[in-house]
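Here's the structure we're looking at; comments come further down.
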Amino acid sequence: MNNDYLDPINSLHMPELADTTFAMDFLLRAKEGVRNIAVTLTESASPDVRAVLKKQLMQGITMHQEISELMITKKWFHPYELSEQYKLDQLSANNTLKIGKMNLFPVETNRKGMFDRTPDDH
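Under the UniProt record's numbering, read the sequence shown as residues 1 to 122, first letter to last.
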């Protein structure tokens, strides 16, 4: 990856990187949902509400497990191999730093003349 965000070489492996990012975000959201439902369950007094929350909690735990297994199978997540997970985390951090150094917002942002007509006056 170089500092030119328009260089096609920077899109190499981007779909895979996006997939891993989306999967990790989904995993974290599932974990957050399980935690929130568990807290809500402990604060609920109604037996009917508790029954619904218990069912949602079990579904959330199952979903978290399925996402984890998918990520482990695809080698996007290594919960039992810390050295491998560390390598992935380092790669992610380095890519983030490189993207942060790119000039994604050039000084000249005037878009006048780029459109085939003037905006409608409303």
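The beta-carbon is built from N, C-alpha and C at its ideal position, and this holds for glycine as well.
Using alpha carbons as the reference points, say which of ILE67, GLN65, LEU57 and MET63 lies closest to ARG35.
Minimum Cα distance to ARG35 is reached at LEU57.
Mind reading off the beta-carbon distance from TRP76 to ALA18? Whole number of angstroms is fine, and I expect it under 8 Å.
Not a contact, Cβ separation roughly 11 Å.
Beta carbon of LEU27, beta carbon of ILE37: below 8 Å?
No, Cβ-Cβ distance for LEU27 and ILE37 is not below 8 Å.
What's the C-alpha gap between GLN65 and THR21?
About 17 Å.
Just to confirm, are MET63 and ALA93 a CB contact at a threshold of 8 Å?
No, these two residues do not count as a Cβ contact at 8 Å.
For GLU84 and SER68, what's the separation of their Cα atoms in angstroms?
For GLU84 and SER68, the distance between alpha carbons rounds to 16 Å.
When you compare only the Cα positions, how much space is there between THR96 and GLN90?
Straight-line Cα distance between these residues: approximately 10 Å.
Let me know the alpha helix (DSSP H) ranges lying completely inside the region 10-57, each 4 residues or longer, listed in chain order.
With a minimum length of 4 residues, the continuous alpha helix (DSSP H) runs that stay inside the region 10-57 are 14-42.
Looking only at its chain, what residues have a beta carbon closer than 7 Å to the beta carbon of THR40, apart from the 5 residues adjacent to it on each side?
Contacts found: LEU53.
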